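Q:
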Amino acid sequence: MNVLLAPTCVVFCSLFSLSCWAAQAAIVVRDSPLYLDASPRSTQLGKLSKDAEVILLLRQGGWYKVESTDKRVGWLRMLSVRFAREAEAHSESLAKLLGASNLAAPASGVATGVRGATSQALADDEQDGEAQLQQVDRYVPSVERVSQFAVEGELSSQSLPAIAVED
Amino acid sequence: MKRSLKVCALASLVWLFNGCGVTVQGVDLGRVIGAGSKVMDIGGKSQEEEIEIGRDTAEALLSSALLVADDQLQKYVNRVGYWLVQHSDRPDLPWHFVVLNNSAANAFAASGGYVFITTGMLAKVYNEAELAGVLAHEIAHVTQKHHLAALQEQSRKGLLGDVLVLAQQGRKRDDERSRSGGTTAHFDDMVLDLYGRGLNREDEYRADALGAQIVARAGYDHYGFTSVLQALGGRGQDEADMTLFLKTHPPIDDRLQQLEPVLRVLDEQVSSSRVLAGRYISHSRAPVNHES
Chain A
1 MNVLLAPTCV VFCSLFSLSC WAAQAAIVVR DSPLYLDASP RSTQLGKLSK DAEVILLLRQ
61 GGWYKVESTD KRVGWLRMLS VRFAREAEAH SESLAKLLGA SNLAAPASGV ATGVRGATSQ
121 ALADDEQDGE AQLQQVDRYV PSVERVSQFA VEGELSSQSL PAIAVED
Chain B
168 MKRSLKVCAL ASLVWLFNGC GVTVQGVDLG RVIGAGSKVM DIGGKSQEEE IEIGRDTAEA
228 LLSSALLVAD DQLQKYVNRV GYWLVQHSDR PDLPWHFVVL NNSAANAFAA SGGYVFITTG
288 MLAKVYNEAE LAGVLAHEIA HVTQKHHLAA LQEQSRKGLL GDVLVLAQQG RKRDDERSRS
348 GGTTAHFDDM VLDLYGRGLN REDEYRADAL GAQIVARAGY DHYGFTSVLQ ALGGRGQDEA
408 DMTLFLKTHP PIDDRLQQLE PVLRVLDEQV SSSRVLAGRY ISHSRAPVNH ES
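First to last, the protein sequences are chains A and B. In terms of the working numbering, the first sequence opens at residue 1 and continues consecutively. In terms of the working numbering, the second sequence opens at residue 168 and continues consecutively.
(1) Using three-state DSSP, classify B:Ile306 as helix, strand or coil.
(2) Determine the direct distance from the alpha carbon of B:Lys242 to that of A:Gln148, and round the result to whole angstroms.
(3) For the putative contact between B:Gly286 and B:Ala274, defined by C-beta atoms under 8 Å, what is the C-beta separation to the nearest angstrom?
(4) Where DSSP assigns a beta bridge to A:Leu48, which residues make up the other side?
(5) When the distance is taken between beta carbons, is B:Ser278 closer than 8 Å to B:Leu513?
(6) Any Cβ of chain B within less than 8 Å of the Cβ of A:Arg59?
(7) Residues bridged to B:Val266 by DSSP?
(8) At a Cβ threshold of 8 Å, is A:Pro106 touching chain B?
(9) Taking B:His263 and A:Val140 to be in contact with their CB atoms under 8 Å, please state how far apart those CB atoms are, rounded to whole angstroms.
(10) Tell me which residues share the same chain as B:Val265 and place their Cβ nearer than 6 Å to its Cβ, disregarding the 5 neighbours each side in the sequence.
(11) Three or more C-beta pairs under 8 Å: does that hold for the stretch 423-438 of chain B against the stretch 376-384 of chain B?
(12) If you draw a straight line from the C-alpha of B:Gly280 to the C-alpha of A:Val29, how long is it?
(13) So for B:Asp242, helix, strand or coil by DSSP?
(14) Compare the C-beta of A:Gln127 with all C-beta atoms of chain B and state if any pair is closer than 8 Å.
(15) Are B:Glu427 and A:Leu56 touching if we call contact CB-CB under 8 Å?
(16) Compare the C-beta of A:Ser157 against all C-beta atoms of chain B and say whether one is closer than 8 Å.
(17) Check whether the stretch 232-242 of chain B touches the stretch 293-311 of chain B, taking contact to mean three or more Cβ pairs, one atom from each stretch, closer than 8 Å.
(18) Which residue's Cα is closest to the Cα of B:Glu295: B:Ala307, B:Gln319, B:Val252, B:Gly248?
(19) Residues in the stretch 210-237 of chain B with C-beta within 9 Å of chain A's C-beta atoms, listed in sequence order?
(20) Using CA atoms only, rank isn't needed, just tell me which of B:Lys212, B:Asn245, B:His308, B:Leu318 is closest to A:Val136.
(21) What are the start and end residues of the beta strand (DSSP E) that includes B:Tyr372?
(22) Could you list which residues in chain B have their beta carbon closer than 8 Å to that of A:Glu160, in chain order?
(23) Would you mind stating whether A:Leu36 and A:Ser42 have Cβ atoms separated by less than 8 Å?
(24) Short of 6 Å in beta carbon distance, which residues of its chain neighbour B:Ala290, apart from the five on each side in sequence? Order them along the chain.
(25) Name, in chain order, the residues that DSSP records as bridge partners for A:Ser68.
(26) Excluding the 5 residues preceding and the 5 following B:Ala317 in the sequence, name in chain order all residues of the same chain whose CB lies nearer than 8 Å to its CB.
(27) Hey, could you find the ends of the beta strand (DSSP E) A:Val81 is sitting in?
(28) Expressed to the nearest angstrom, what Euclidean distance is found between the alpha-carbon atoms of B:Ala444 and A:Leu155?
(29) Alpha carbon to alpha carbon, how far is A:Asp70 from B:Leu423?
(30) Could you compute how far the alpha carbon of A:Gln44 sits from the alpha carbon of A:Trp75?
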């Protein structure tokens, strides 16, 4: 994602409840219909075969707007694809958006992946755990503040039946 | 106790929110959701005891991890979390949502209502719905007492007795600064083993499924967590630092595949949902100093 486009993207996302993406390469994991719109009831533009490569342009709910290698553009179900790799621009642009461009490698230089801790972190014991735990208590919001927060975000509770998954 | 809980907590730190895929077969989520009272009996622990163990674990974790010094960000994440727990089956726990200053993408929980997320994970998240998805997965682990049950099960298998007693003995030892305690050594081994191998696969799948439902009930886009998993899965294919995770956990693709039926049902049930990208970015934009 170009940095210059990022603010525009944020506004766009806010207005239309879409998720914006860096150009993300992905692989189709099963033969899948390509739709004109993000709905199974929309017009089918054709099919994409398993292992086809696509570029993800946009996400809307459980759908991706994609461009295929033969330049067709349409919508695929989100779980019909897997990411080929994480585009570098993805994390870089987001880091800039977050103001966290000073992202640094873990101290050891060898992360243990999304499992998280570095060997250095495992060896350290430098913080005052009790004091930090007391500090955490300060962040607990009041019931009224939480309700206000939901209203501000136009979040509304939905009464949904529990889902039973069959064998 | 400090040492033993440190082991526990630091092992928690290496706990992905967890990347275990699992088979859906036979899991009745309706029963899972309604099983609060049954779950409450796991290990014979009262809610007070559960909270006590969780708070000790959280304290130990925070002995080795640094809070992000950004009150607004911490409060924002807590507001999202508290809105979510109102749509869980245990809204009355003393929940705490904690942002840790760590560049590794990670989120995890401790019993009794503690949920941790790293700045590295926040940097992977695009919007509030995705953040909600990550938090809801952890909330589900807590509401189902997955950590407590796993520790208690290990304790039983090892004939070590009650996990709370072990923890309390460890704390007493730490307070008195006595030299050693065989019981606490057993506790160390137990938590090391648990956090080394993670929660079982069924627990992970249940947390995925329940988390998606919590998010949907709270009015968020229920595909947010899916989006995060996809991004992490793609990352794992190319980056060396994912090797250990991928070796010790089932592929994220399998996990997503198992989650799909739940998402499809929610597609039909949900009438509206919010993504809230703008609000997420405006609250998470403050500079964050990662560890170096």
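Just so you know, even glycine gets a beta-carbon here, dropped at the ideal spot from N, CA and C. Fair warning: this is a prediction, and the values are worked out from it, not measured in the lab.
A: Let me spell this out:
(1) helix
(2) 13 Å
(3) First, the amino acid is wrong: residue 286 of chain B is Thr here, not Gly. With a Cβ gap of about 11 Å, B:Thr286 and B:Ala274 do not count as contacting.
(4) A:Ser32
(5) Because chain B in this structure spans residues 168 to 459, residue 513 of chain B falls outside the shown range and cannot be described.
(6) yes
(7) B:Ile284
(8) For A:Pro106, the predicted model reports a pLDDT of 25, less than 50, meaning its position is unreliable; a value from the coordinates is still stated below. It does; some Cβ of chain B falls within 8 Å.
(9) 7 Å
(10) Phe283
(11) yes
(12) 37 Å
(13) Looking at the sequence itself, residue 242 of chain B is Lys, so the reference to Asp does not match. It is helical.
(14) yes
(15) no
(16) yes
(17) no
(18) B:Gly248
(19) Arg222, Ala225, Glu226, Ala227, Leu228, Leu229, Ser230, Ser231, Ala232, Leu233, Leu234
(20) B:Asn245
(21) Not the beta strand (DSSP E): B:Tyr372 falls in the alpha helix (DSSP H), residues 368-384.
(22) A quick correction: the sequence has Leu, not Glu, at residue 160 of chain A. Chain B residues near A:Leu160: Gln380, Ala383, Arg384, Leu433, Gln436, Val437.
(23) yes
(24) none
(25) A:Val54
(26) Leu361, Leu366, Asn367, Asp370
(27) 81-83
(28) 13 Å
(29) 27 Å
(30) 9 Å
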